[in-house]
Amino acid sequence: MNVSTDHELPSQDEDMEIRAVSAERLTFFGDAVVAIALTLLALELPVPEGSTNSELWHSASDHRESYLAFMISFVVIAAHWRSHHRVFRHVTATSGRLTAFSMYWLLMLVITPFATDVIGGDGAFQARFVFYAGVQFAACLLFILMVAEVRRAGLSRTGTPPELFSRTIRGLGMVAAGFLVSIPVSFLTHWAYLCWIAVPAADSLVDRLRSRSGHEPS
1326 MNVSTDHELP SQDEDMEIRA VSAERLTFFG DAVVAIALTL LALELPVPEG
1376 STNSELWHSA SDHRESYLAF MISFVVIAAH WRSHHRVFRH VTATSGRLTA
1426 FSMYWLLMLV ITPFATDVIG GDGAFQARFV FYAGVQFAAC LLFILMVAEV
1476 RRAGLSRTGT PPELFSRTIR GLGMVAAGFL VSIPVSFLTH WAYLCWIAVP
1526 AADSLVDRLR SRSGHEPS
């Protein structure tokens, strides 16, 4: 006896369309969370006070560390979004692992405004610095895992440049190294912030020198 059912398995084309929609929803959700994180950064900024120009400028000067932390966090989140946009415009499907890594990565970005407020506070420099650097290191590591999953599971469209993944992983890896190295350095000097710039910049310089030497005639 034949039993009819209204629930039929989707065709290959329908399955591909479902996977593509899922990838788009994950990308759009990531964009929305990044926008919220950037908005929260601005909301946490302290407002300078004073009834005269001198008092206002003095108050702003007292909050200079908070403003510096804001600029650093803005650049960091913007760099994450730029990398996310560069990679995910080629992603046409998702997996359970990619979704999980994406959620944890977005969690780190949402925590960043709070970490920014923490590092901009007074006293306990090492504890504040380690917390902030740890959050950013985790964010970089999770994004690297996301890119690695896209490459491993073949979740990108045909024709995606393979060097896109390796270049992104290398770049974020050096940023993550900068945050990681800065943690022990923070116990020696308050200039540990420079590690966040120095390590990626040094890697970029070495990479450029290698590229130039590779194009020189032998």
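Under my numbering, the sequence shown is numbered contiguously, ending at residue 1543. Think of the CB as a built atom: it goes at the ideal place given N, C-alpha and C, for glycine as much as any other residue.
Tell me VAL1416's beta-bridge partners as DSSP assigns them. Paired residue(s): SER1481.
Below 6 Å CB to CB, which residues in the same chain sit around LEU1497 once its five sequence neighbours on both sides are set aside? Beyond the five residues adjoining it in sequence on each side, LEU1497 comes within less than 6 Å, by CB distance, of CYS1465, PHE1468 and ILE1469 in the same chain, given in chain order.
Leaving out the 5 sequence neighbours to the left and right, which residues in its chain are closer than 8 Å to CYS1375 when beta-carbon positions are compared? For the sequence presented, residue 1375 should be read as Gly rather than Cys. Answer for GLY1375: LEU1381, TRP1382, HIS1383 and SER1384, listed in chain order.
Using the Cα positions of THR1483 and ARG1476, report the straight-line distance between them to the nearest angstrom. 12 Å
Name the two residues that bound the continuous alpha helix (DSSP H) containing GLU1569. It is not possible to answer for residue 1569, since the shown part of the chain is limited to 1326 through 1543.
Since VAL1358 and LEU1431 are thought to touch, with beta carbons under 8 Å apart, how far apart are those beta carbons, to the nearest angstrom? 5 Å
Could you give the DSSP three-state label for GLY1355: helix, strand or coil? helix
Beta carbon of LEU1434, beta carbon of ALA1362: below 8 Å? yes
What residue range does the alpha helix (DSSP H) around ALA1502 cover? 1487-1510
Please classify TRP1521 as buried or exposed, where buried requires at least 16 neighbouring CB atoms within 10 angstroms. buried
Looking at C-beta atoms only, is the number of pairs between the stretch 1389-1402 and the stretch 1410-1422 that lie closer than 8 Å three or more? Not touching, per the Cβ criterion.
Same chain only: Cβ atoms within 6 Å of PRO1371, ignoring 5 sequence neighbours per side: HIS1388 and SER1391
When we look at the beta-carbon of THR1364 and count the other beta-carbons within 10 Å, is it buried (16 or more) or exposed? exposed
Express the C-alpha separation of SER1386 and PHE1399 in angstroms, rounding to a whole number. 20 Å
Which residues in the same chain as MET1471 place their Cβ atom closer than 7 Å to its Cβ, once the five residues preceding and following it in sequence are excluded? LEU1423, PHE1426, SER1427 and TRP1430
Considering just the uninterrupted stretch of the alpha helix (DSSP H) at ALA1440, what are its terminal residues? 1421-1444
For HIS1383, which three-state DSSP category applies? DSSP, read as helix, strand or coil, puts HIS1383 in helix.
Reference LEU1515; option with closest CA among ALA1452, THR1417, ALA1501 and ARG1414: In the sequence as displayed, the identity of residue 1515 is His instead of Leu. For HIS1515, the nearest C-alpha among the options comes from ALA1452.
Check whether THR1485 and HIS1415 have beta carbons under 8 Å apart: yes
Which residue's Cα is closest to the Cα of GLY1355: VAL1412, GLU1369 and PRO1373? VAL1412
Tell me whether the beta-carbon of PHE1456 lies closer than 8 Å to the beta-carbon of SER1511. no
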